[in-house]
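Worksheet for the structure shown next.
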Amino acid sequence: MYQNYIDGSWVGARSGRTFENRNPANCDDLIGEFQDSTADDVDAAIAAATRAYERWRLVPAPKRAEILFAASRLIEANKDALARDMTREMGKVLEETRGDVQEAIDMTLFMAAEGRRMYGQTVPSELRDKFAMSVRQPMGVCSVITPWNFPMAIPSWKIAPALVCGNTVVFKPATLTPLSAVNFVKILEEAGLPRGVVNLVTGGPDVGTRMSTHDDVKVVSFTGSTAVGRIVGQNAAPTFKKVHLEMGGKNVVMIMDDAKIDLAVEGCLWGGFGTTGQRCTAASRVVVHERVYDVFVREFVARAQELRVGDGLDPRTQVGPSVSQAQLETVMKYVAIGQEEGATLLAGGHRLETGPYARGWFHEPTIFGDVDPRMRVAQEEIFGPVVSVMRCRSLDEAIAIGNDVAYGLSASIYTQDINKAFAAMRDIYTGIFYVNAPTIGAEVHLPFGGTKATGNGHREAGTAALDVFSEWKSIYVDFSGKLQRAQIDS
Ligand code: NAD
-6 MYQNYIDGSW VGARSGRTFE NRNPANCDDL IGEFQDSTAD DVDAAIAAAT RAYERWRLVP
54 APKRAEILFA ASRLIEANKD ALARDMTREM GKVLEETRGD VQEAIDMTLF MAAEGRRMYG
114 QTVPSELRDK FAMSVRQPMG VCSVITPWNF PMAIPSWKIA PALVCGNTVV FKPATLTPLS
174 AVNFVKILEE AGLPRGVVNL VTGGPDVGTR MSTHDDVKVV SFTGSTAVGR IVGQNAAPTF
234 KKVHLEMGGK NVVMIMDDAK IDLAVEGCLW GGFGTTGQRC TAASRVVVHE RVYDVFVREF
294 VARAQELRVG DGLDPRTQVG PSVSQAQLET VMKYVAIGQE EGATLLAGGH RLETGPYARG
354 WFHEPTIFGD VDPRMRVAQE EIFGPVVSVM RCRSLDEAIA IGNDVAYGLS ASIYTQDINK
414 AFAAMRDIYT GIFYVNAPTI GAEVHLPFGG TKATGNGHRE AGTAALDVFS EWKSIYVDFS
474 GKLQRAQIDS
């Protein structure tokens, strides 16, 4: 039984209810029971965070950062165990969950270093004997609502910058990955975070709703689906919270006729089937120049059919299960839709449910060919091991197809022609772009996020994250001893 963490204590939900967390590779494996919290628990957490804020905001940023630094060392020391817990609760292979934990280490270190930077500006005043500067100020209680596909990385992207800026946090992880959240918060506790500064409340939409409506919350940082992000935005609007939304994707790889096809195949396998396709940046669309379409498809299909599907804890596994029965059903629904729409099923297409797969949510890596860009499998986020391959006749057509979706997270091009690479870099309207690499692989010191239905203009990671969790204050110090009027006196 795992508990909420409120005001420095591990406590049960007031409802007394719990929910189960099970291994998606083997649903007989019960990972634990977690608190099924309600608005009351959120209120207690927000009250604790509000009290803690008055002390935490006055702790010098380099001191706040020392706690983050200690946390990064603790995550590092426990990396393997944390990764194993994560694979068990959400299925992705151990190599990738180690990467997820590494990202939390990197982000925590990056933000610890910001404790000694957090630069503002010192600028000349237009008036004599006047000093002008800008500083970042914290905002108060931040609600952090996260999805299940990066159970430690994404919480760290939000919590580390929120803390270094001097805010306090109420954190709600996805119901499918509460163990990694508990593990992360335990490490923050062990690193010496004062009570009330981070509070963990597990549970579903009721918890998230309270966290996005409560008067005392100043920032809501949400990562998840576009449908839920829209609700969060609407819920938070009446109280003018700063709302940071990172949502769905339908990312494209464009393969030109001069591309190194082996490299492109390698990239599409990793981008399309890594994390079982359950990445917001997954390469779920591939647009291939007609001159190399056949050779690319032949190789891509052959290699996809060789991928080893299985339990992520087995080091030989390359593709783990879908995270849940519901997610597997979504994958199966879209495989049927693709066939009804007239796309050609080139690989996979079936659930795996016998032998070692009998107790889990496994699906074959699936490729659709001859996809029309208007088909639903080319437009809608599936979030599973399904890739739609389309033809194009030119770079312009590839870019037009690439841009013609509701989302704008990540895109990539494979080409040896620098002119094509730069044209695509400019004309694709996404928040992330890769050349000769797949659509996944973000590093923590660059801004992360997307355009259109993927995001609302903010960015996670890098120093851009500081903008989410702080507000600017411009300060003017007049040392002339008289009234000096800007724009009027000279
Ligand atoms: P989801 O939208 O179902 O849930 C996200 C979080 O919101 C969970 O913690 C959930 O419990 C909570 N929630 C549900 N209803 C809520 C409500 N009414 N109010 C407040 N919170 C509520 O998403 P998911 O299935 O956990 O994750 C998959 C989605 O996340 C995909 O669409 C994926 O593209 C997206 N994602 C985006 C990024 C990004 O950075 N753009 C990164 C990872 C995942």
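Per the numbering used here, the very first residue in the sequence shown carries number -6; after that it's consecutive.
By construction, the Cβ of each residue, glycine as well, lies at the ideal position given by its N, Cα and C atoms.
On a predicted model such as this, the values are computed, not experimentally measured, just so you know.
Same chain, Cβ closer than 7 angstroms to residue i, five either side skipped, listed in chain order
{"i": "Asn228", "result": "Thr202, Ser205 and Thr206"}
{"i": "Gly488", "result": "The requested residue 488 is not part of the displayed model; the chain covers only -6 to 483."}
{"i": "Trp141", "result": "Met83, Ala167, Leu169, Thr170 and Val316"}
{"i": "Ala351", "result": "none"}
{"i": "Leu23", "result": "Glu13 and Arg15"}
{"i": "Val128", "result": "Gly113, Lys466 and Ile468"}
{"i": "Thr337", "result": "Phe361, Gly362 and Asp363"}
Any non-hydrogen atom of the ligand NAD closer than 8 angstroms to residue i Cβ
{"i": "Ile152", "result": "no"}
{"i": "Thr9", "result": "A small fix is needed here, since residue 9 is Gly in this sequence, not Thr. Gly9 Cβ: outside cutoff for every heavy atom of the ligand NAD."}
{"i": "Gly92", "result": "no"}
{"i": "Trp505", "result": "It is not possible to answer for residue 505, since the shown part of the chain is limited to -6 through 483."}
{"i": "Asn228", "result": "yes"}
{"i": "Thr423", "result": "no"}
{"i": "Glu374", "result": "yes"}
{"i": "Phe441", "result": "yes"}
{"i": "Phe215", "result": "yes"}
{"i": "Ile39", "result": "no"}
{"i": "Ser149", "result": "no"}
{"i": "Arg278", "result": "no"}
{"i": "Lys235", "result": "no"}
{"i": "Pro378", "result": "no"}
{"i": "Gly455", "result": "no"}
{"i": "Cys273", "result": "yes"}
{"i": "Lys326", "result": "no"}
{"i": "Pro198", "result": "yes"}
{"i": "Lys85", "result": "no"}
{"i": "Glu239", "result": "yes"}
{"i": "Ile138", "result": "yes"}
{"i": "Lys165", "result": "yes"}
Burial state of residue i, where buried means 16 or more other Cβ atoms lie within 10 Å
{"i": "Glu13", "result": "exposed"}
{"i": "Val470", "result": "exposed"}
{"i": "Asn244", "result": "buried"}
{"i": "Thr347", "result": "exposed"}
{"i": "Ile60", "result": "buried"}
{"i": "Leu339", "result": "buried"}
{"i": "Leu181", "result": "buried"}
{"i": "Asp34", "result": "buried"}
{"i": "Val288", "result": "exposed"}
{"i": "Glu183", "result": "exposed"}
{"i": "Gln114", "result": "exposed"}
{"i": "Gln130", "result": "exposed"}
{"i": "Gly335", "result": "exposed"}
{"i": "Asn490", "result": "The structure shown does not extend to residue 490, since the chain is modelled only from -6 to 483, so the question has no answer here."}
{"i": "Ile(-1)", "result": "buried"}
Nearest-angstrom Cβ-Cβ length linking residue i and residue j, presumed shorter than 8 angstroms
{"i": "Asn160", "j": "Phe462", "result": "6 angstroms"}
{"i": "Met247", "j": "Val294", "result": "That pair is no contact at about 19 angstroms."}
{"i": "Gly270", "j": "Ala18", "result": "That belief does not hold up - the Cβ atoms of Gly270 and Ala18 are roughly 16 angstroms apart, past 8 angstroms."}
{"i": "Cys264", "j": "Gly443", "result": "The residue you asked about is not Cys; residue 264 is Gly in the sequence shown. Contact doesn't hold; Cβ gap of about 16 angstroms is too wide."}
{"i": "Pro148", "j": "Val137", "result": "7 angstroms"}
{"i": "Asn176", "j": "Asp78", "result": "6 angstroms"}
{"i": "Cys261", "j": "Pro53", "result": "Actually they are not in contact, since the Cβ atoms of Cys261 and Pro53 sit about 48 angstroms apart, beyond 8 angstroms."}
{"i": "Gly108", "j": "Met240", "result": "Contact doesn't hold; Cβ gap of about 30 angstroms is too wide."}
{"i": "Ile433", "j": "Arg272", "result": "6 angstroms"}
{"i": "Ala45", "j": "Pro187", "result": "6 angstroms"}
{"i": "Tyr407", "j": "Ala220", "result": "Rounded, the Cβ-Cβ distance is 32 angstroms, inconsistent with contact."}
{"i": "Ala416", "j": "Leu388", "result": "6 angstroms"}
{"i": "Met104", "j": "Val157", "result": "5 angstroms"}
Coarse secondary structure for residue i, derived from DSSP in three states
{"i": "Tyr286", "result": "helix"}
{"i": "Tyr427", "result": "strand"}
{"i": "Ser30", "result": "coil"}
{"i": "Thr268", "result": "helix"}
{"i": "Phe215", "result": "strand"}
{"i": "Pro117", "result": "strand"}
{"i": "Asn412", "result": "helix"}
{"i": "Cys135", "result": "strand"}
{"i": "Ser149", "result": "helix"}
{"i": "Phe495", "result": "Lying outside -6 to 483, the shown extent of the chain, residue 495 is not represented and no answer is given."}
{"i": "Glu464", "result": "strand"}
Sequence-distant residues of the same chain with beta carbon closer than 6 angstroms to residue i, five excluded per side
{"i": "Tyr422", "result": "Asn396, Gly401 and Thr444"}
{"i": "Gly217", "result": "Pro140"}
{"i": "Thr80", "result": "Leu87, Thr90, Gly305 and Leu306"}
{"i": "Leu120", "result": "Gln477"}
{"i": "Phe143", "result": "Asp93"}
Cutoff 9 angstroms: residue i Cβ touching any chain B Cβ
{"i": "Asp122", "result": "As a matter of chain content, chain B is missing from the structure shown, which is built from one protein chain."}
Close Cβ partners of residue i (< 8 angstroms) along its chain, the five nearest in sequence each way excluded
{"i": "Ser473", "result": "Leu120, Arg121, Asp122 and Lys123"}
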